[in-house]
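One structure is given below, encoded as structure tokens.
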Amino acid sequence: MSVAFSYDLAWLASASADKTVKIWDLSSGACLLTLEGHSSWVGSIAFSHDSARLASASADKTVKIWDPSSGACLSTLKGHSSRVWSVAFSHDSARLASASYDSTVKIWDLSSGACLSTLEGHSSWIGSVAFSHDSAWLASASGDKMVKIWDPSSGACLSTLEGHSGWVRSVAFSHNLARLASASYDSTVKIWDPSSGACLLTLEGHSSWVLSIAFSHDSARLASASDDSTVKIWDPSSGACLSTLEGHSSRVWSVAFSYDSARLASASDDSRVKIWDPSSGACLLTLEGHSSRVWSVAFSHDSARLALASDDSTVKIWDLSSGACLSTLEGHSNAVMSVAFSHNSARLALASDDKTVKIWDLSSGACLQTLNVGRTLYHISFDHTDLYLDTDIGTINLRNPLDSIVPPNNAEVQQPQYKGIALSSDGVWITYNSKMFIWLPSEYRPSCSAVLDNTISVGVGLGRIWFISTS
């Protein structure tokens, strides 16, 4: 259902409806790891920029963090009130955004694990979020047929882009910041100027829904994945279709370019992940192993491994050199909603719909920690030190478990320790450093929330949003 390359080009990760994520060797096509633990389909995965962590987002309302080297589940994160569709790291790795069926986007501080802010304004589910590459903008795509561009620091909505006649499923910024692309159930892709909000191009050619889009890292190409079982590669400047990649036997859920723009990965409902040469259109590898659809994939930051999150509640880790499955990470009881690699590629985080976050050691394949976050988290990411995990409801302190000489028993579910301001898992308390800080009366309890630095924003009924800041 989703694919992602590691940043060092060594791995490809794929996420599946079989509840697993697989990590593949990009050179050989061997499956290196199968990550299991989610209790429902895994819809999105993302590597941290140092390739040390993999995050998986699942319909089980949780995010799991995995170590893509060992396959170990490092932590399980919870927070959204419904399935998590998409996760995205900011490019400085300081924040993580998660998009949910609960119609909100949450922005997380990866140092503290605190939810910095909850962005509200869409009137339907949010299927995708993407940071601009300078982390100054955040775009969201929704079932209300609109794209919104946000200031992730203030939570302000900067612009609303209208023009699609169907649900908007995916958004992506070009790496040079000049373009924003949106993919819709109206079978088109639109190219926008993110500064002015003007629609520059409408790309037509798919015969059914467009489910995923991705820019190459040189911003010269745009790939689109469709319900028509094909992948198309476009010139985003002219709108010309450069090639159509055929080979999948069912809808293609996700596409991702490697960080050198030399390879393209696609994940399909046919339970396969394919690696393509985007210049020639040749299929280089076909990765098989999940028993159900793959929802999300993520590359480690060193590009050596790929993590695949599946509807089978597992995550598989693959060696991108050999194509071998290195490990299968199991343990979640429901779908994995988000995955994230640590920057050193040593750990992987998975968030699941089972309301837990798991942290895995990818060298040993051990689950280092299972955290009962009490809700489904859709966006998780490691901070640049890899000592904290940013989530929808706050920043989780990972220092103690990761520094332990003897890893904790992965069967023992632990309560997360939050750094700074956060929201309790039941939504009754605002906490500070995991201590009860402000009790919330029933009319002020959140339907969504977000944390940024020392400020928490909470959305409640009747369209009200309120903020609490600490000095």
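Numbered per UniProt numbering, the sequence shown spans residues 1 to 471.
For each residue, glycine too, the CB sits at the ideal point set by N, CA and C.
For residue i, the three-state DSSP class (helix, strand or coil)
i	result
Leu-402	Reliability of the predicted coordinates at Leu-402 is poor, the pLDDT of 42 falling under 50, and no value is obtained from them.
Ala-418	Note on residue identity: the sequence assigns Tyr, not Ala, to residue 418. The answer is strand: DSSP assigns Tyr-418 an E or B state.
Tyr-388	strand
Ser-182	strand
Ser-56	strand
Ser-442	helix
Val-63	strand
Asp-193	coil
Asp-354	coil
Arg-375	coil
Ser-40	strand
Ser-396	Just to set this straight, residue 396 is Ile in the shown sequence, not Ser. It is a strand residue.
Asp-109	strand
Leu-203	strand
Asp-426	coil
Leu-177	coil
Ala-298	strand
Asp-383	coil
Asp-50	coil
Thr-470	coil
Ala-198	coil
Leu-362	coil
Ser-75	strand
Ala-114	strand
Thr-455	strand
Ser-170	strand
Ala-340	strand
Sequence-distant residues of the same chain with beta carbon closer than 6 Å to residue i, five excluded per side
i	result
Glu-162	Met-146
Asp-186	His-164, Ser-165, Gly-166
Ala-309	Ala-15, Val-21, Val-42, Ile-45, Ser-56, Trp-295, Ser-296, Val-315, Val-336, Val-339
Ser-82	Ser-100, Tyr-101, Asp-102
Ala-30	Asp-319, Ser-322, Gly-323, Ala-324
Glu-204	Thr-188
Arg-272	Thr-286, Glu-288
Cβ shell of residue i (< 7 Å), same chain only, five flanking positions each side left out
i	result
Asn-344	Asp-50, Ala-52, Asp-386
Ser-249	Ser-229, Asp-270
Thr-244	Thr-230, Lys-232
Ser-48	Phe-89, Ser-93, His-301, Ala-340, Phe-341, Ser-342, His-343, Ser-381, Phe-382
Glu-246	Thr-230
Ser-404	A caution first: Ser-404 carries a pLDDT of 40, below 50, which makes its placement in the model unreliable, though a value can still be read off. Same-chain partners within the cutoff: there are none.
Ser-174	Phe-215, Ser-219, Pro-236
Residue-level contact to chain D via CB, residue i, 8 Å cutoff
i	result
Glu-443	Absent from the structure: chain D. Only one protein chain is present.
Residue i burial status per 10 Å Cβ neighbour count (16 or more: buried)
i	result
Pro-337	Checking the sequence, you will find Met at residue 337 rather than Pro. By the 10 Å Cβ count, Met-337 comes out buried.
Val-105	buried
Ser-16	buried
Trp-360	buried
Trp-192	buried
Glu-120	buried
Gln-415	exposed
Asp-277	exposed
Ala-282	exposed
residue 490	This structure leaves residue 490 out entirely; the chain is present only between 1 and 471.
Ala-428	In the sequence under discussion, the amino acid at residue 428 is Val, which differs from the Ala named in the question. Under this definition Val-428 is an exposed residue.
residue 473	Lying before the first or after the last residue shown, residue 473 is absent from the chain, which here runs from 1 to 471.
Asn-397	buried
Asp-134	exposed
Trp-439	exposed
Ser-117	buried
Lys-435	exposed
Ser-132	buried
Ser-154	exposed
Ser-40	buried
Asp-311	buried
Ala-4	buried
Val-406	Bear in mind that the predicted position of Val-406 carries a pLDDT of just 40, short of 50, making it too unreliable to give a figure here.
Pro-441	exposed
Ala-223	buried
Same chain, Cβ closer than 8 Å to residue i, neighbours up to 5 away in sequence not counted
i	result
Leu-171	Per the sequence shown, the amino acid found at residue 171 is Val instead of Leu. The residues are Ser-128, Val-129, Ala-130, Ala-139, Ser-140, Ala-141, Val-147, Leu-180, Ala-181, Ser-182, Ala-183, Ile-213.
Ser-207	Ser-187, Ser-226, Asp-228
Tyr-7	Phe-47, His-49, Asp-50, Ser-51, Tyr-259, Phe-299, Ser-300, His-301, Asp-302, Ser-303
Quiz item: Which runs of the beta strand (DSSP E) spanning at least 3 residues fall entirely within the region 79-104, listed in chain order?
Solution: 84-89, 95-100
Quiz item: Curious, which full-length beta strand (DSSP E) runs of at least 3 residues does the UniProt repeat "WD" (119-160) contain?
Solution: Annotation note: the UniProt repeat "WD" (119-160) contains the following uninterrupted beta strand (DSSP E) runs of length 3 or greater, listed N- to C-terminal: 126-131, 138-142, 146-150.
Self-check item: Length at least 3, wholly inside the region 301-337: the beta strand (DSSP E) runs in chain order
Solution: 305-310, 315-319, 325-329
Quiz item: Taking three-plus beta-carbon pairs below 8 Å as touching, is the region 363-372 in contact with the region 85-105?
Solution: The region 363-372, when compared against the region 85-105, does not touch it at the 8 Å Cβ threshold.
Self-check item: Every unbroken beta strand (DSSP E) inside the UniProt repeat "WD" (1-34) [3 residues or more]
Solution: Correct list: 2-5, 11-16, 21-25.
Quiz prompt | Ranges of the beta strand (DSSP E) found wholly within the region 207-281, counting only runs of at least 3 | solution = 210-215, 222-226, 231-234, 241-245, 252-257, 264-268, 272-276
Quiz item: On the three-pair Cβ rule with 8 Å, is the region 193-200 touching the region 216-229?
Solution: no
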